[in-house]
Amino acid sequence: MRQYFDEEWAEPAPAASPLRRTWYLPHHEVYQGSGDERKCRVVFDAAALYDGTTLNSQLEAGRNLQIDLLRAILRFHRLCVGLQADIEKMYLQIRVREEDRDACRFLWWDDEWRIRRYRLTRVCFVLTCSPFFKMGTVRSHARRH
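All you need for the numbering used here is the position in the sequence shown, starting with 1, plus 76.
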């Protein structure tokens, strides 16, 4: 979680929160790899039920902007040039608007073990709308560059 604060992917949340626009996400760690290659990743749960609903059920998914595999293969065959890329921490590169940040709050303890409120400043991987934001951002950058 320290990396979230150091990289400014999360920030302290204000004490006041907008009515009906605030959601607290449960989270846990997931370890991947072994030995020196072992890494810890924070996973937020936007599908967690609270009072009969989830954050994901309250969000619009947006249009499907991803090209289907058949179209990609046909385009590659026709143009004879292919490009593959991997964008590191892709969702964490996309900033969330200030007025929408309270929808992704979470609790964490500070260095003195006091519970504090935080909110994500970047798009969370597990949100229903995350694929739409991801592909919209990729397309926008592709058009501009």
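Don't be surprised by glycine CBs; every beta carbon is placed ideally from N, CA and C.
- CA-to-CA, the gap between F208 and W99 works out to about 20 Å.
- Where P88 is concerned, the enclosing beta strand (DSSP E) starts and stops at 86 to 88.
- Sequence-distant Cβ neighbours of T197 in its own chain, meaning closer than 7 Å and more than five residues away, are E84, W85, A86, E87, R171, V172, R177.
- Per DSSP, V106 is one residue of the beta strand (DSSP E) stretching across 103 to 108.
- Of all alpha-carbon atoms in A89, Y80, M77, D82, the one lying nearest the alpha-carbon of Y194 is that of A89.
- Checking the DSSP bridge columns, you'll see W184 partnered with R192.
- Cα atoms of E188 and R151: separation of roughly 56 Å, rounded to the nearest angstrom.
- Taking each of H153, F182, F81, I143 in turn and checking the Cα distance to M211, the smallest one comes out for I143.
- The beta carbon of G138 sits closer than 6 Å to the beta carbons of C205, F208 from its chain, once the five residues preceding and following it are set aside; these are given in chain order.
- A straight line joining the alpha-carbon of C116 with that of R154 spans about 42 Å.
- Taking C-beta atoms as the reference points, A122 and L203 count as a pair closer than 9 Å.
- Closest option to C180, judged by alpha-carbon separation, among P102, D82, E164: P102.
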